[in-house]
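Below is one structure, written out as structure tokens; comments come after it.
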Amino acid sequence: MISRNEDESTSARQEASDVTTLTCSSSSEDLEQTLRSSSRSLSERPVHARIRRCFPMTPRVSGVDRSQSRPLQSGPSTLQSFIQIVSRPLDRVYSSEELQDQIPSLGFIDTCTMRKGSCCMFTSGVVGAVLLIMGIGLFVSGLFQTLIHNKLKREVTLTEGSKVFASWKSPPPPVYIQFFFFNVTNPEEFVKGEAKPRLTEMGPYTFRQYRPKRNVTFVDNGTKVSAYTVKSFVFLPEKSVGDPKVDMVTTVNIPAVAVINRLKGVSFWVASGISMYMGSIGTTLFMTHTVDEMLWGFKDPLLTRLKTMRPDTDEYFGLMLNKNGSNDGEFVYHTGEQNYLDFGRIYTWKGEKMLSFWKTNQSNMINGSDGSAFHPFLSKEERLNVFTSDLCRSIHMRFEKEVEVKGIPAYRFTPPRAVLASGKNNPENEGFCLTPKNCLDDGVLDVSVCRKGAPVVVSFPHFHLGAEKYAKAIDGISPVHELHQTFLDLNPTMGVPVRAMKRAQINIHLERVSGFPLTRNLNGTIFPIVFLNESVLIDDASAARIQKLLLIVTLVSHFPLVLVALGVILLLVCVILVIHFYQNKPSAKKDTSYAPFSSRRTSVLSDMVCIPCIVIPVLLWVYKRFLEPIIYPFISPFISRFWSKAAVQETQKHENTAECNGTANGSTANRPKTVADKKAD
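Residue numbers (our numbering): 1 to 681.
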């Protein structure tokens with residue numbers, strides 16, 4: 001009896017397997033043969049699942065009496081009627097009445113849809129809860145933000161192979177320098193003391209500036225790097241107004257004023273004799289030359305005469321004399337490897353840690369960078385220090401506002417009024433006044449101490465942020481904040497300069513000097529000569545790279561919030577599926593007899609692709625693409641240590657096993673023979 005039941009069960013399973021091989025492309029003969037070979041009822045679920053997929057049918061009309069439903073009995077008449085339906089054109093849609101008349105109830109329950117909906121509900125709920133908990137935990141701990149910060153701190157260093165080292169050596173963005181000259185239209189009236197000087201602005205005369213770093217050498221075990229910044233200039237006529245080799249400019253005779261200033265302390269008779277000599281060779285208080293000569297040098301007759309008496313005197317004069325292809329001396333920078341806050345900070349200039357021009361140690365300090373590199377993760381409260389050799393001092397900058405440059409967010413830092421304030425208004429600047437009785441007012445800086453005694457005074461263009469008396473003493477001077485401001489736009493995350501405008505004005509301090517009639521009508525005027533606008537704007541290729549990097553930083557930093565959002569979405573999907581499931585669940589009190597096909601409309605939510613099946617691969621892709629390069633360097637030492645420890649333990653285990661086996665074999669071979677052994681022998 002048991003064997004017979006087993007044979008029947010095996011036969012039934014084989015028949016069910018044959019039935020489930022029905023496809024939409026099967027012929028009527030195949031259907032008939034398969035159905036005839038089945039000894040089981042046609043109400044088996046695999047058959048009905050295939051039928052529902054093969055034939056488009058409308059839902060059963062409500063109200064049909066299901067009491068008439070009866071099992072489909074196997075037999076020739078029933079099989080022939082079924083084959084007639086199957087053999088009809090497939091594009092016809094059969095009504096429920098036709099199906100009720102020709103095919104009795106198949107007893108089918110759409111368990112596939114139910115199981116699929118349950119799977120979505122369960123998976124969405126579990127995955128959503130896990131993502132929500134993980135996201136909240138990571139957000140509170142700040143783990144990802146710490147990881148990305150540590151990653152950037154290691155990358156933003158002046159070390160061989162780092163991403164910023166190549167651009168630091170050879171900056172890709174073009175640097176332009178513009179010269180605006182002030183032409184004096186009434187020099188005779190001013191010398192006589194009859195009128196204020198009237199100036200007209202000429203230019204700009206634009207040059208492309210190249211400033212690669214040469215002789216780059218790492219020192220102090222790679223924690224510092226030394227380099228020379230070589231500057232060269234190429235004229236750009238398309239960005240200039242006028243021709244510097246043709247345009248003439250009338251301005252102060254700087255060589256003559258420099259000589260007079262050096263003779264301040266001599267006796268009246270010596271000064272008078274030199275004044276007469278200067279008059280004999282045609283020296284006046286003003287001179288006229290081309291813009292090109294004023295920039296790159298010309299042979300001055302007064303300096304030529306002095307060279308005969310003092311051979312070390314250079315007979316050529318120019319505002320940019322010998323600066324094309326030159327450098328400002330050796331700088332030693334911190335690489336930022338030990339402390340990211342030291343990235344790009346100057347350690348020494350010309351072998352010195354401090355200057356020797358000024359009176360106080362605070363004024364002589366070399367603070368900050370050279371303006372080309374700043375540490376990452378800047379804050380709005382920071383005081384950025386910049387050392388500039390042109391001013392022979394360090395200045396500081398403060399946050400002004402947020403800006404955007406080529407889609408890159410940036411903080412704008414500008415020098416405040418206190419930078420060039422007088423010592424009485426800013427005690428930090430007391431050391432910059434070498435003669436307390438002749439200290440200048442706000443907005444100007446006397447740099448004659450580092451300009452070989454020439455009475456050079458530096459200010460912002462048009463005396464911007466300076467005392468009003470300097471601008472009022474000259475016609476044609478009108479400071480405008482937007483045109484004459486110095487600023488630096490830095491991306492706060494990377495510390496990269498995306499735009500900068502360095503604007504400075506060169507002036508000559510005209511004072512009355514005893515024994516020189518040329519100066520008898522002078523009253524200490526700060527006379528503008530030229531102002532410079534050195535600008536840089538990040539190039540498109542560099543901007544695209546920074547945008548991509550910032551996107552990665554943003555995604556990684558906010559990844560916990562992404563997890564929280566996905567977790568909330570999946571939980572909402574789970575809730576919706578649960579509500580939908582219970583709303584469409586058949587009541588236990590209702591008749592549960594089965595119609596030919598399900599009377600319930602298939603739900604879109606139940607048939608849709610399972611959302612977690614999309615979310616999980618997306619999260620894995622985000623991890624492989626963005627997170628793994630950042631996280632792996634932190635966990636790799638722990639993984640290596642773990643596997644090394646495991647390998648050592650495994651090796652020791654094998655050695656101990658081998659020793660035990662050797663000991664066992666040796667003890668058996670060397671022990672003395674017992675009585676049993678002798679009998680065995």
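Positions of the beta carbon are idealized from the N, C-alpha and C atoms, including for glycine.
Given the structure is predicted, the values throughout are model-derived calculations rather than measurements.
Sequence-distant partners of residue 375 (beyond 5 residues in either direction) whose C-beta falls short of 6 Å from its own C-beta, in its chain, are 340, 341, 343 and 495. Secondary structure note for residue 268: its alpha helix (DSSP H) is the uninterrupted segment 268-280. In the DSSP assignment, residue 389 falls outside any alpha helix (DSSP H) and carries neither an H nor an E. Secondary structure remark: continuous beta strand (DSSP E) runs of at least 3 residues inside the segment 428-457, in chain order: 444-446. A distance below 8 Å separates the beta carbons of residue 543 and residue 406. Residue range 559-583 is occupied by the alpha helix (DSSP H) that includes residue 580.
At a Cβ-Cβ threshold of 8 Å, residue 196 and residue 474 count as neighbours.
A check of alpha carbon separations from residue 533 across 165, 459 and 126 identifies 459 as the nearest.
Restricted to the segment 347-421, the alpha helix (DSSP H) segments that are unbroken, complete and at least 4 residues in length are 361-364, listed in chain order. Taking the C-beta atoms as reference points, residue 303 is found no nearer than 8 Å to residue 312. Taking a 10 Å sphere around the C-beta of residue 481, we find fewer than 16 other C-beta atoms and assign the residue as exposed. Its chain contains 283, 284, 285, 286 and 287 as the residues whose beta carbon lies nearer than 8 Å to that of residue 253, once the 5 sequence neighbours on both sides are disregarded; these appear in chain order. For residue 233 and residue 334, the gap between their C-alpha atoms comes out near 28 Å. Spatial neighbours of residue 377 in its own chain (CB-CB distance under 6 Å, excluding positions within 5 residues in sequence) are not present. For residue 304, the enclosing alpha helix (DSSP H) starts and ends at 301-309. From the listed residues 582, 345, 505 and 328, the smallest Cα separation to residue 484 is found for 505.
Here residue 258 is actually not in contact with residue 515; their C-beta atoms are around 16 Å apart, not less than 8 Å.
A straight line joining the alpha-carbon of residue 245 with that of residue 294 spans about 10 Å.
In the DSSP secondary-structure assignment, residue 528 is bridged to 507. Scanning its chain for C-beta atoms nearer than 7 Å, with the 5 sequence neighbours on each side dropped, one finds around residue 356 the residues 364, in chain order. Contact between residue 442 and residue 420 holds, since their C-beta atoms are separated by about 7 Å, short of 8 Å. For residue 332, the enclosing beta strand (DSSP E) covers residues 326-334.
Bridge partners of residue 288 according to DSSP: 250. Assigned with DSSP and collapsed to three states, residue 467 falls in coil, not helix or strand. Boundaries of the alpha helix (DSSP H) around residue 187: 187-192. Exclusion of the five residues before and after residue 416 leaves 398 as the residues of its chain whose Cβ lies within less than 6 Å of its Cβ. In terms of CA proximity to residue 220, 332 leads the group 157, 332, 539 and 457. For the set 178, 391 and 380, the Cα lying nearest the Cα of residue 401 is the one of 380. Beyond the five residues adjoining it in sequence on each side, residue 224 comes within less than 8 Å, by CB distance, of 218, 332, 333, 334, 335 and 347 in the same chain, given in chain order. One Cα belongs to residue 411, the other to residue 572, and the distance between them is close to 40 Å. Under DSSP, the beta-bridge partners assigned to residue 233 are 209. By the Cβ-count criterion, residue 269 is exposed, with fewer than 16 other Cβ atoms from all chains shown falling within 10 Å of its own Cβ. Pairing residue 291 with residue 526, the inter-Cα distance amounts to about 21 Å.
If you look at residue 488, you'll find it in the beta strand (DSSP E) that goes 487-490.
The three-state secondary structure of residue 223, taken from DSSP, is coil. Note that the segment 178-186 touches the segment 194-210; at least 3 beta-carbon pairs, one per stretch, sit closer than 8 Å.
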